[in-house]
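Reviewing the structure listed below.
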Amino acid sequence: MIMCTCDVCLGVRRVVDNIFEILKIHGWILDAYIIDFYQDDLWSKLPSSWRNFFKTISIQELGSWMLDEPQSKKVWPLSLIALKQSIKLLTIDRNPTNDPETKFVCSCAQWNYRKLKNSDFKIPKNDLACRHKNLFTKHIKIKKRYEIDKFSEICAKCCYLANCKCIVDTGAGMGHLARQLSYKYNLSVICVEQTKELSDLANKYDAEYLVTIKKHLPDFNSRSSYHLCAKLCQEDSSNESLIENINEIFESTFGRKSIEEGFGFIGLHPCGDLAVTLLKLYVKQPNVKFITIVGCCYMKLTTSGERNSLGYPLSNYLRSKSNNYLSYAALEVACHAVENYCDKMKTGDYNNLKVHAYRGMLEMLLIRKAGLIMRHGRVNSVKVNEHMTFQRYCELATAKFDDDKKILESDYNCEEVRKHLDRWQEVVAFEALRMMLAPLIEIAVLLDRFLFLSEHHLKPLLRAEFDPRRSPRNFVLVSIK
1 MIMCTCDVCL GVRRVVDNIF EILKIHGWIL DAYIIDFYQD DLWSKLPSSW
51 RNFFKTISIQ ELGSWMLDEP QSKKVWPLSL IALKQSIKLL TIDRNPTNDP
101 ETKFVCSCAQ WNYRKLKNSD FKIPKNDLAC RHKNLFTKHI KIKKRYEIDK
151 FSEICAKCCY LANCKCIVDT GAGMGHLARQ LSYKYNLSVI CVEQTKELSD
201 LANKYDAEYL VTIKKHLPDF NSRSSYHLCA KLCQEDSSNE SLIENINEIF
251 ESTFGRKSIE EGFGFIGLHP CGDLAVTLLK LYVKQPNVKF ITIVGCCYMK
301 LTTSGERNSL GYPLSNYLRS KSNNYLSYAA LEVACHAVEN YCDKMKTGDY
351 NNLKVHAYRG MLEMLLIRKA GLIMRHGRVN SVKVNEHMTF QRYCELATAK
401 FDDDKKILES DYNCEEVRKH LDRWQEVVAF EALRMMLAPL IEIAVLLDRF
451 LFLSEHHLKP LLRAEFDPRR SPRNFVLVSI K
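Per the UniProt record's numbering, the sequence shown starts with residue 1, numbered consecutively.
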């Protein structure tokens, strides 16, 4: 397969290579589980210059430094500064409002990707529906409203640029995104959702919405989205029967000849391999005119097994590399917002951070008590507050355990445990390092998808679109044929 030789795609391949060079040295930090902090003595494995320096700074200073905010006048270890700068150079700025914005877009892209960001580029809307936009927010959490408002506009612009009026929303859930696309942007939308309960609930909400809006607008006649309870098969990269069904629904329900006009695939946080399945369908199906997805749950990607079933690596370029492995722990931490973690460090909101030290100490005690069979075992989730003791944490975390496995006072009432718990700031700092490195993992996964599209001569755009503090998975991958 011929690879794109434009400057951007060449640069992307160099970025990927450099990411894995960094992971050769520091990848073990990402591969470690924070609950093993005491059991595996993770702190001792860090460079001594880092360990010694962390003793001289506060947690607040570390949080500010990671966010590139004004820092103390202390001299930071050169290797730590170099690592942070390398991460910054190899990743996309997660703040979409920064100027100049950073992004990756194939230089060979023929479609006018600049219009996606251009606030002056307006697309037709249903003015009647827009006047009653508050009706769209019923049943939707505030965070989700923000994502849906931004993502629906991007999807509508993609439709315009692809010259089509049809969209397939995958993993559509309760249909909140589809409702905006249908009523606000007058698009024909099929929602594909494998969970029947969610699909039924979406139909119910559609009916409620129409009843409510017709009280205000008796002549309102926009068509609701169509809810299809079905599953995209990962093993069948063509999903021919489902695609035929989709084309039939567009024609019979919406009067749209999607075989000729085409349609777009969209996914707002499709979980794990679902995003990969959509990308493969976009490549194979000529009448899928565009794809717009925001990734999620990277740790659920299939990373081993048959080549055709892999969710990562996806591109031929990364598959050809011998050092392309990403662990479950690394993929999981890439799903969190480094900004939110740093904010907690800066503001002294340590209770949510201290829980890692408590959980790590409990892990060590459980293994001592019952052996390695307890390693990484499931315990109850406990929210640590300012006054919670380690004793109380252990009681709540192991409440469902058999009596012989529960932690007793004799297990934790010793000087060793007290000394370990006094090191909670080291636990916070170690997790901060994992958070600092995590963007490398997310970018590696997303650039793998970028290169997959590029290798099939489909020109991609990858850019941050959401506020990362409100929506940690904030990168949108777009391609239009």
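Ideal placement from N, C-alpha and C gives every residue a C-beta, glycine not left out.
Proximity to residue i [Cα-Cα], best of the options
| i | options | result |
| --- | --- | --- |
| residue 330 | 396, 431, 359 and 250 | 431 |
| residue 314 | 352, 68 and 451 | 451 |
| residue 386 | 307, 192 and 355 | 355 |
| residue 86 | 36, 19 and 64 | 19 |
| residue 206 | 194, 219, 189 and 54 | 189 |
| residue 172 | 192, 73, 371 and 435 | 192 |
| residue 98 | 472, 477, 478 and 468 | 468 |
| residue 141 | 476, 167, 358 and 174 | 174 |
| residue 439 | 347, 417, 326 and 69 | 326 |
| residue 255 | 405, 223 and 380 | 223 |
| residue 15 | 318, 125 and 476 | 318 |
| residue 42 | 428, 460 and 472 | 428 |
| residue 461 | 64, 66, 108 and 126 | 108 |
| residue 227 | 240, 198 and 215 | 198 |
| residue 465 | 50, 239, 475 and 410 | 475 |
| residue 58 | 257, 347 and 288 | 347 |
| residue 455 | 472, 316 and 381 | 316 |
| residue 123 | 158, 139, 409 and 136 | 158 |
| residue 292 | 426, 459, 377 and 143 | 459 |
| residue 413 | 404, 392 and 399 | 392 |
| residue 46 | 63, 67, 77 and 68 | 77 |
Three-state class that DSSP yields for residue i in the structure shown
| i | result |
| --- | --- |
| residue 17 | helix |
| residue 264 | strand |
| residue 165 | coil |
| residue 347 | helix |
| residue 249 | helix |
| residue 462 | strand |
| residue 70 | coil |
| residue 6 | coil |
| residue 104 | strand |
| residue 388 | coil |
| residue 340 | helix |
| residue 414 | coil |
| residue 360 | helix |
| residue 51 | helix |
| residue 186 | coil |
| residue 25 | helix |
| residue 372 | helix |
| residue 77 | coil |
| residue 136 | helix |
| residue 160 | helix |
| residue 239 | coil |
| residue 126 | coil |
Backbone CA spacing between residue i and residue j [nearest angstrom]
| i | j | result |
| --- | --- | --- |
| residue 200 | residue 447 | 36 Å |
| residue 310 | residue 274 | 11 Å |
| residue 375 | residue 444 | 29 Å |
| residue 96 | residue 154 | 14 Å |
| residue 116 | residue 479 | 11 Å |
| residue 21 | residue 160 | 41 Å |
| residue 234 | residue 183 | 31 Å |
| residue 343 | residue 368 | 35 Å |
| residue 208 | residue 389 | 48 Å |
| residue 290 | residue 263 | 7 Å |
| residue 463 | residue 13 | 17 Å |
| residue 7 | residue 449 | 18 Å |
| residue 252 | residue 277 | 26 Å |
| residue 29 | residue 23 | 9 Å |
| residue 361 | residue 420 | 7 Å |
| residue 246 | residue 225 | 12 Å |
| residue 53 | residue 176 | 49 Å |
| residue 441 | residue 17 | 12 Å |
| residue 145 | residue 294 | 15 Å |
| residue 181 | residue 266 | 11 Å |
| residue 371 | residue 364 | 10 Å |
| residue 433 | residue 93 | 18 Å |
Bridge-paired residues (DSSP) for residue i
| i | result |
| --- | --- |
| residue 290 | 264 and 480 |
| residue 170 | 192 |
| residue 271 | 296 |
| residue 475 | 464 |
Minimum Cβ-Cβ distance from residue i to chain D less than 8 Å
| i | result |
| --- | --- |
| residue 177 | Checking the listed chains, one finds no chain D in this structure; it contains a single protein chain. |
Which parts of the stretch 293-334 are runs of the alpha helix (DSSP H), unbroken and 4 residues or longer, counting only runs that do not cross its ends? 316-319 and 328-333
Contiguous beta strand (DSSP E) assignments of at least 3 residues, all confined to the stretch 203-229: 226-229
Scan the stretch 421-461 and note each continuous alpha helix (DSSP H) run of 4 residues or more that stays entirely inside, going in chain order. 424-455
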